[in-house]
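Here the structure is laid out as C-alpha cells; the discussion comes afterwards.
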Amino acid sequence: MTLPTLLTALASPKTTRDERDRRLNIQLGLLLTETLSPALRETLSGIQHELLERGGELAMPSHAFIHETHVLRQSKVN
C-alpha cells in the first residue's frame with residue numbers, strides 16, 4: 165500500500181478508529197524494517213507502542229494503559 169493510498173484509507177469516514185490504528189501500526193512496523201536514523205526509529209517505535217497500548221485499552225476497558233503522561237506528550241506535539 166502506498167502512502168497516499170494509506171492516507172486516503174485512514175481519512176475515510178467508513179474506517180473505524182480501531183481499523184485506522186491497526187493499519188497505521190502495520191505501516192509503522194514496515195517502516196521500522198528499513199534503515200532509519202536513530203532519532204526517527206525511536207520516534208516511530210514510540211508511536212507504535214502507544215498505538216498498541218491504545219488498542220489494549222480499547223480491548224480491555226477495565227485496564228488503563230494510557231496515562232496522563234501520554235496525554236501531556238501528545239498536547240506538546242499538537
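Offset between the sequence shown (1-based) and the numbering used here: plus 164. Quick reminder that beta carbons are idealized off the backbone N, C-alpha and C, glycines included.
Straight-line Cα distance separating residue j from residue i
i      : j      : result
Ser226 : Gly220 : 10 Å
Glu198 : Ser209 : 12 Å
Glu206 : Arg184 : 21 Å
Thr180 : Leu196 : 24 Å
Ala192 : Leu204 : Just to set this straight, residue 192 is Leu in the shown sequence, not Ala. Straight-line Cα distance between these residues: approximately 11 Å.
Ile190 : Gln212 : 9 Å
Leu188 : Ser201 : 20 Å
Per-residue burial, residue i [other beta carbons within 10 Å of its own, 16 or more giving buried]
i      : result
Asn242 : Its pLDDT being 49, under 50, Asn242 is placed unreliably in this model, and the value from its coordinates should be taken loosely. The residue is exposed, with fewer than 16 neighbouring Cβ atoms inside 10 Å.
Asp182 : exposed
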